[in-house]
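The structure appears right after this line, and notes come after that.
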Amino acid sequence: MRGGIVLRAASGSFFVPATVARELRTAPEITRILGAPEDVLGVALTAGEVVPVVRIGVDRRLLLLCSVQDDLLGVVGFEGARAGLFPEASEGLGVSVDGHDVPELALVELRDLLVVDRWSTRGLGATTGERRTLRNAHVLAESTSDRGSGRREP
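For the sequence shown, our numbering gives the first residue as 1, with consecutive numbering after it.
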């Protein structure tokens, strides 16, 4: 048996282990990021932190806050969630729900969408082309604004 949350999205159902699921809540306001991939909605202020938000579907009413290798990640795009203990899937990673295998959500791959050098970094202030993540984008913005016009952006 595996503990976790099964998310129901238009594209199917996905399992999130209890070891990474931190909080299920109403989705806060999400701020878009210029040039981000389609599945990266932007960032949201939640749990006292600015958290990147990715989508697995179209619904944006609920947000699942996950801890992925020391990073926080918000997931939206699901219509419903069911928490509990579920039997292991008959094939692959995931669980079995009502006789159907439900795959584990690929959170590491979703988190990897947040690597800034995979899309234009204009909105983040990065100019070096170095591999940076959204998690440290505020450091980039401060360092590039210090080098630029001599004035600091807020």
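Yeah, the Cβ is synthetic: ideal placement off N, Cα and C, and Gly gets one too.
Tell me whether the beta-carbon of residue i lies closer than 8 Å to the beta-carbon of residue j.
| i | j | result |
| --- | --- | --- |
| Thr31 | Gly48 | no |
| Val68 | Arg2 | no |
| Ser11 | Gly84 | no |
| Leu114 | Pro28 | no |
| Leu105 | Phe14 | yes |
Just tell me which of the options has its CA closest to the CA of residue i.
| i | options | result |
| --- | --- | --- |
| Phe78 | Gly3, Glu88, Leu65 | Leu65 |
| Asp98 | Leu63, Glu109, Phe86, Gly92 | Phe86 |
Give me the Cβ distance between residue i and residue j, rounded to the nearest whole Å; I'm assuming they're in contact under 8 Å.
| i | j | result |
| --- | --- | --- |
| Ala89 | Val75 | Rounded, the Cβ-Cβ distance is 20 Å, inconsistent with contact. |
| Leu7 | Val16 | 6 Å |
| Leu24 | Ile5 | 7 Å |
| Asp70 | Val54 | 17 Å between Cβ atoms; not a contact. |
| Thr26 | Arg61 | 7 Å |
Secondary structure at residue i, three-state DSSP: helix, strand or coil?
| i | result |
| --- | --- |
| Asp112 | helix |
| Leu34 | coil |
| Leu93 | coil |
| Leu107 | helix |
| Glu29 | coil |
| Ala21 | strand |
| Glu79 | coil |
| Asp59 | coil |
| Asp71 | strand |
Taking the beta carbon of residue i as the centre, do at least 16 other beta carbons fall within 10 Å, making it buried, or is it exposed?
| i | result |
| --- | --- |
| Ala36 | buried |
| Thr46 | buried |
| Gly80 | exposed |
| Ala18 | exposed |
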